[in-house]
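The next block holds one structure in the form of structure tokens; read it before the comments.
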Amino acid sequence: MEYDIIVVGGGHAGCEAAYASANIGKKTLLVTGNINNIATLPCNPSIGGSAKGIIVREIDALGGIMGRIADKTALQMKMLNSSKGPAVRSLRAQVDKVTYPKEMLKVLENTKNLKIKEAMVEDLIVENHEVQGIITEKNEKIFSKKVILTTGTYLKADILVGSERTRSGPHGERPSLHLSDKLKEYGFDILRLKTGTPQRIDKNSIDFSKTKEENGDNICYGFNTEEDNIYDVTKQIPCHLIYTTPETHKIILDNLNKSAMYGGRDDIEGVGPRYCPSIEDKIVRFSDKEKHQLFIEPESIYYDDMYLQGFSTSMPRDVQEKMVHSLPGLENAVINKYAYAIEYDAIYPTQITRSLETKILKNLYTAGQINGTSGYEEAAGQGIIAGINACLSIDNKEPLILKRNEAYIGVLIDDLVTKGTIEPYRMLTSRAEYRLILRHDNADIRLTDYGYKVGTINNERYEKFNHKKELIKELTEYLKNNKLTPNEHNNEILKKLASQEIKDGITLYNLLKRTEITIDKLQDNKIINDDYPKDVEEQVEINIKYEGYIAKVNKEAEKMLRQEEKQIPTDIDYNKVPNLASEARQKLLKVNPTTIGQALRISGVNPSDISILMIYLRKYYNE
Amino acid sequence: MEDTIAAISTALGVGAISIIRISGNEAINIINKIFDKDVTNVPSHTIHYGHIIDNNEVIDEVLVSIMLAPKTFTTENVVEINCHGGISTTNKVLELVLTNGARLAEPGEFTKRAFLNGRIDLTQAEGIMNLIEAKSEKSREMSIKQLTGSVSNIISKIRTDLVDIISNIEVNIDYPEYEDIEVITNEKILPQIKNIKEELLTTIKNAENGKIINEGIKIGIIGKPNVGKSSLLNELLEENKAIVTDIEGTTRDIVEGNFILDGIACHVIDTAGIRETSDIVEKLGVNKSLEIIDNSDLVIFMLNNNEELSKEEIELLKKIKTKKHIIVINKIDLDNKMELNEENIIKISIKEKKGINTLKQRIIDLFNLGEITTKDLSYISNARSISLLKKSLNIINESINDLEDGTPIDIIETNLKDCWNTLGEIIGETYTDELIDEIFSRFCLGK
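Sequences listed follow chains A and B, in order. Per my numbering, residue 301 is the first one in the first sequence, and the count goes up by one each step. Per my numbering, residue 8 is the first one in the second sequence, and the count goes up by one each step.
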């Protein structure tokens, strides 16, 4: 065997998968069509954002690299939702599209056990439904114990601009022509998806005086929690806000029949994401809106492209010219790259298990857009899990399956393999029912133990983490064991803090439950004398303030976990379970859930079906 | 640990005693909250006399059996309450049990637990699966069907209001930089949430009055003045309700009352009290009678044994043919002048108390009350609906407190979602996926 693991594709999923597996100590090969395209950002120039930023923190806590590189190459950092509750805060970095891939390549090239090879993969070596390696377009066979496919949008990719259709990957890259047909031959159901990207405008042709500047935060945040002050907050680059004009809307409505989407073309099968509609879609569907918000975002300090967020379209080039020139500040804009849509093949994600190994072919794992997701972060999150699980499988260990109450990554994978998807799946906070405990601030608390256990977190980082946990415990105990006594001095302080005066002693712990009281304020007033690291104080404060809500969520989660403990044997034949409703039977056959909990989340499977199933299991499998 | 479940485990409508069974870890805690004796430390398999109490009000006089795990039917802690107060009281007790932390058992769930916990023979498995399949479908249908349109409309409306707020908050979170989407604040939604609270309160009150959630059989008594309608009503009600109102001198269009027949509530309506003045009386009587025919499950048409059929009575005889009806010929103690060739005739004399039991038996037969199987399901879902409504109200109350305390809105929103789901359970709609669809259909988002 030449390699333990081969990763096909050098996008965000592939990078994390390859890095994790090499880091664990497996001999890993990363195969990519073009080594210069490793970890490029073909769409928006940012990493993180609402919910996605929490995924990046999770990847970091599991020993992944996306967060570290985003920190290092950030042009601007912003904590989103900072005025809202702690559960929905999320970090977003505008990153440099030139330095991000460079830094990633540097890390990968310096990773022990990892080799990178340039080649197009067009087939797999398959024996008895087991994958044993890959076959390149030059018919070279490379053997390995596991293969991870992270092919992104490259499977049979078509670029659409207006009425033009070209077989091509993003930015003129070569697509994989045959791999998806081969997958079909092996028994996979293939799904056609579509996504789009807006224009890139030459920075020098924009009149920024007509735009509103959007700056980064003045506090230095980072996705990576190990190092502090990675970037200089004073040297951040702004984004710019503008709005569409009545003229823009008129141009679009006048030319609707030229749009690939609205022109009545019947050769478009790909399903696009609802959360990412084209500008013509927005104008048609929300016709009462007079204007739409657009952001002009920097792509790099090394070239002049500005990304026009919110203006994705499938109009032909001449119409795009008119549309862009109708925007304030862009009257004389030079379009460096036109907006385009891309159609590509993916597999129905119900064909993979929660370990990300496919059900159809053993030893084959898939991650990223091939599984029907959208977004760099969603891809990277799956990538690291696929990498870890391929390694665990080689060592005959149980896979790492993050639960819905443990990580957004867990929610993501569970949704995909349980519910499937028909549009590119994007993570949203509303998808996470336990989001109050899936915060960006506690990602390390949630996941570092797993990372250490599987071997992606080293001893040094683990010790640091344990120290943090010790401090959290210490501070919590201190607050529980120390009381504020009801005397004039203390009540004076409370009055000053606009807080109710006390008549009886109150523990500092209970005092902190008051909305207006914070650890900071208690320190300022010498009620708490010791200083703790900021992240420790933050953890303790959140745990105290939202204790009731957190307990409620944990209780809900426990209910779910009880159902998750009930395993369903893999050899179950749902055709033999009597009395199941026919819709439930079909869905169960298709998804083949591994636990009762997963079965419960399949739409169309009712509680009575679950009861019947449990009794059947008890009778024929004795638990 | 599994949830604690509860249900009425005797068939409703049969027998004088109904048993509510509670099974699960919380069973003892729950009974302690509503029973006037502390049963925390009583020995297993003992029976205790006492009362079920709700806010200092005695609901029923009961016997409570305490059976501790593992030697019970389900192998969990089991509490059984023997209720004596008839169907609506039993229903109320069940509602209290549910409001205090139990979940209504799915059909066959006790047996399922007994089986899963190894208490029942494996050979019975198929039988249980059949039972679950047959009963669940029916119960789901029943519980949704028996909600009148107005209740589900109110609940749907509250859910729509909630979803408006929830999806807007979600969009604020997931797309924080979209300036053109309204930013929801605590102050903005407080009045809306208070409004929802009021709507819930009214719904619960109405549901408890039994006005909205329909209970039992509606019986309408028609017939001309002096035929003995009020007397029959009093006889059935076993109280002087109709006469009392007459003595008061009030002019009431309709006198009504409830009585229990074989455990089922019957709601009787009578046109007693219509003032008999001058020539328009007969017309008024006929119109009123037609209205009652329309609104009743059963029409009792009373005729005088000592009089001949009038023109109006012949007309009404035609009208009642489309409904379940019983023709009651009263005053058989007097000379017979009534010639009538019809089915469903019962002859009685209220004065001599003759034939009343035959009449009651006929009602029982007409509605198959002896074999009532669907009825118990609708009663259960009543208790279920009310307990879910109360749960929703509790969540809303908590949310109002937190809104006033300045808790971040995205945290309060988890409560609102919980409320939305709980209300959805009542009308049979709970798909969290709906929410995401809402967001995309209402707001204009994207890159």
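All C-beta atoms in this analysis are idealised placements derived from N, C-alpha and C, irrespective of residue type, glycine included. Being a predicted model, the structure only gives us computed values, none of them experimental.
What three-state label does DSSP hand Thr466 of chain A in the structure shown? The count along the first sequence starts at 1 and reaches residue 466 of chain A at position 166. The answer is strand: DSSP assigns Thr466 of chain A an E or B state.
Mind checking Ile506 of chain A: buried by the 16 CB within 10 Å criterion, or exposed? As a working note, residue 506 of chain A is residue 206 in the first sequence. Result: buried.
Partners in chain A for Lys119 of chain B, counting only beta-carbon separations shorter than 8 Å: Here residue 119 of chain B refers to the residue found at position 112 of the second sequence. Annotation: Cβ neighbours of Lys119 of chain B in chain A (cutoff 8 Å, chain order): Ser911, Met914, Ile915.
Kindly indicate the opening and closing residues of the alpha helix (DSSP H) around Leu423 of chain B. For the purposes of this step, residue 423 of chain B is taken as residue 416 along the second sequence, with counting starting at 1. Per DSSP, Leu423 of chain B belongs to the alpha helix (DSSP H) from 416-434.
The region 404-416 of chain B: which residues have C-beta closer than 8 Å to a C-beta of chain A, in chain order? Asp412, Gly413, Thr414, Pro415, Ile416
Is the beta carbon of Arg166 of chain B less than 9 Å from the beta carbon of Leu430 of chain B? Translated into positions along the second sequence, residue 166 of chain B becomes position 159. Translated into positions along the second sequence, residue 430 of chain B becomes position 423. With contacts defined as CB atoms closer than 9 Å, Arg166 of chain B and Leu430 of chain B qualify as a contacting pair.
With three or more beta-carbon pairs closer than 8 Å as the criterion, would you say the region 412-427 of chain A touches the region 619-633 of chain A? Touching, no.
Backbone secondary structure at Gly256 of chain B - three-state DSSP: Taking the second sequence and counting its residues from 1, one reaches residue 256 of chain B at position 249. Because the pLDDT of Gly256 of chain B is 35, which lies under 50, any placement of that residue in the model is unreliable, and the number read from its coordinates should be weighed accordingly. Coil.
With three or more C-beta pairs closer than 8 Å as the rule, is the region 112-119 of chain B touching the region 50-60 of chain B? no
Going by other Cβ atoms of all chains shown within 10 Å of its Cβ, with 16 needed for buried, is His332 of chain B buried or exposed? For the purposes of this step, residue 332 of chain B is taken as the residue at position 325 of the second sequence. Buried.
Delimiting residues of the alpha helix (DSSP H) encompassing Asp820 of chain A: Position 520 of the first sequence, counted from the first residue, corresponds to residue 820 of chain A. Residues 819-824.
Could you work out which residues of chain B lie near Ser350 of chain A, taking near to mean beta carbons separated by less than 8 Å? Locating residue 350 of chain A in the first sequence gives position 50, where the first residue counts as 1. Under the 8 Å cutoff, chain B gives Ile180, Asp181, Tyr182, Pro183.
Find the residues of chain B that neighbour Pro649 of chain A, judging by a C-beta separation of less than 7 Å, and give them in chain order. Here the question's residue 649 of chain A lines up with position 349 in the first sequence. What Pro649 of chain A touches in chain B: nothing, since even the nearest Cβ is about 16 Å away.
Assigned secondary structure, Asn906 of chain A (DSSP; H/G/I helix, E/B strand, else coil): Taking the first sequence and counting its residues from 1, the one referred to as residue 906 of chain A is at position 606. DSSP places Asn906 of chain A in coil when its eight states are reduced to three.
Quick one: which residues of the region 524-549 of chain A get their C-beta closer than 7 Å to a C-beta of chain B? List them in chain order. none
Taking the beta carbon of His471 of chain A as the centre, do at least 16 other beta carbons fall within 10 Å, making it buried, or is it exposed? On the first sequence, position 171 is the one that residue 471 of chain A refers to. With fewer than 16 other Cβ atoms within 10 Å, it is exposed.
When we look at the beta-carbon of Arg467 of chain A and count the other beta-carbons within 10 Å, is it buried (16 or more) or exposed? In the first sequence, counting from the first residue as 1, residue 467 of chain A sits at position 167. So Arg467 of chain A ends up on the exposed side.
Could you spell out where the alpha helix (DSSP H) holding Ser237 of chain B opens and where it closes? The count along the second sequence starts at 1 and reaches residue 237 of chain B at position 230. 236-244 is the span of the alpha helix (DSSP H), which, as asked, contains Ser237 of chain B.
Buried or exposed (CB count within 10 angstroms, at least 16 for buried), Asp187 of chain B: For the purposes of this step, residue 187 of chain B is identified with residue 180 of the second sequence, where counting begins at 1. The residue is exposed, with fewer than 16 neighbouring Cβ atoms inside 10 Å.
Helix or strand or just coil, what does DSSP make of Val49 of chain B? For the purposes of this step, residue 49 of chain B is taken as residue 42 along the second sequence, with counting starting at 1. Coil.
Alpha helix (DSSP H) containing His312 of chain A: first to last residue? If you number the first sequence from 1, residue 312 of chain A lands on position 12. First-last of the alpha helix (DSSP H) with His312 of chain A: 312-324.
Which bits of chain A does Glu189 of chain B rub up against, with CB to CB less than 9 Å? Against the second sequence, residue 189 of chain B aligns to sequence position 182. Residues of chain A passing the Cβ test: none, with the nearest at roughly 13 Å.
Could you tell me whether any Cβ in chain B is nearer than 9 Å to the Cβ of His592 of chain A? Walking along the first sequence from the start, residue 592 of chain A turns up at place 292. Output row for His592 of chain A: interface = yes.
Would you say Glu514 of chain A lies against chain B (beta-carbon separation less than 9 Å)? Within the first sequence, residue 514 of chain A is the residue found at index 214, counting from 1. Taking Cβ atoms only, chain B reaches closer than 9 Å to Glu514 of chain A, which makes this a yes.
Would you please verify whether the beta carbon of Gly385 of chain A is less than 9 Å from any beta carbon of chain B? Residue 385 of chain A sits at position 85 when you count from the first residue of the first sequence. Closer than 9 Å: yes.
Identity of the residue in B:Leu207, B:Val335, B:Asn124 nearest Lys398 of chain B by Cα: In the second sequence, residue 398 of chain B corresponds to position 391, counting from 1. Selected option, being the one with the closest Cα: B:Leu207.
May I have the straight-line CA-CA distance separating Glu289 of chain B from Ser237 of chain B, to the nearest angstrom? To locate residue 289 of chain B, count along the second sequence from 1; it is residue 282. To locate residue 237 of chain B, count along the second sequence from 1; it is residue 230. Since pLDDT at Glu289 of chain B reaches only 48, below the 50 mark, its modelled position is unreliable, and the value read off the structure follows with that caveat. The straight-line gap from Cα to Cα measures roughly 18 Å.
Inside the region 375-453 of chain A only - alpha helix (DSSP H) runs reaching at least 4 residues: 399-409
Identified DSSP bridge partners for Ser356 of chain B: By one-based count along the second sequence, residue 356 of chain B stands at place 349. B:Lys361.
Anyone know if the C-beta pair for Leu716 of chain A and Asn663 of chain A falls short of 9 Å? By 1-based counting over the first sequence, the position of residue 716 of chain A is 416. By 1-based counting over the first sequence, the position of residue 663 of chain A is 363. No. Outside cutoff.
What is the residue span of the alpha helix (DSSP H) that Val624 of chain A lies within? As a first step, residue 624 of chain A is located in the first sequence; it is residue number 324 there, counting from the start. Here the alpha helix (DSSP H) through Val624 of chain A covers 617-625.
What residue range is occupied by the uninterrupted beta strand (DSSP E) comprising Ala370 of chain A? As a working note, residue 370 of chain A is residue 70 in the first sequence. First-last for Ala370 of chain A: 366-372, but that is the alpha helix (DSSP H), not the beta strand (DSSP E).
Should the region 687-696 of chain A be regarded as contacting the region 318-337 of chain A, the criterion being three or more beta carbon pairs within less than 8 Å? At 8 Å Cβ cutoff, the stretches touch.
Just to confirm, are Glu643 of chain A and Gly570 of chain A a CB contact at a threshold of 9 Å? For the purposes of this step, residue 643 of chain A is identified with residue 343 of the first sequence, where counting begins at 1. For the purposes of this step, residue 570 of chain A is identified with residue 270 of the first sequence, where counting begins at 1. Using a Cβ distance threshold of 9 Å, Glu643 of chain A and Gly570 of chain A count as a contacting pair.
Does the Cβ-Cβ distance between Pro878 of chain A and Ile850 of chain A come in under 9 Å? Position 578 of the first sequence, counted from the first residue, corresponds to residue 878 of chain A. Position 550 of the first sequence, counted from the first residue, corresponds to residue 850 of chain A. Not closer than 9 Å, so no.
Under 9 Å between C-beta atoms, does Lys637 of chain A make it to chain B? Translated into the one-based positions of the first sequence, residue 637 of chain A becomes position 337. Not closer than 9 Å to any Cβ of chain B, the Cβ of Lys637 of chain A fails to qualify, so no.
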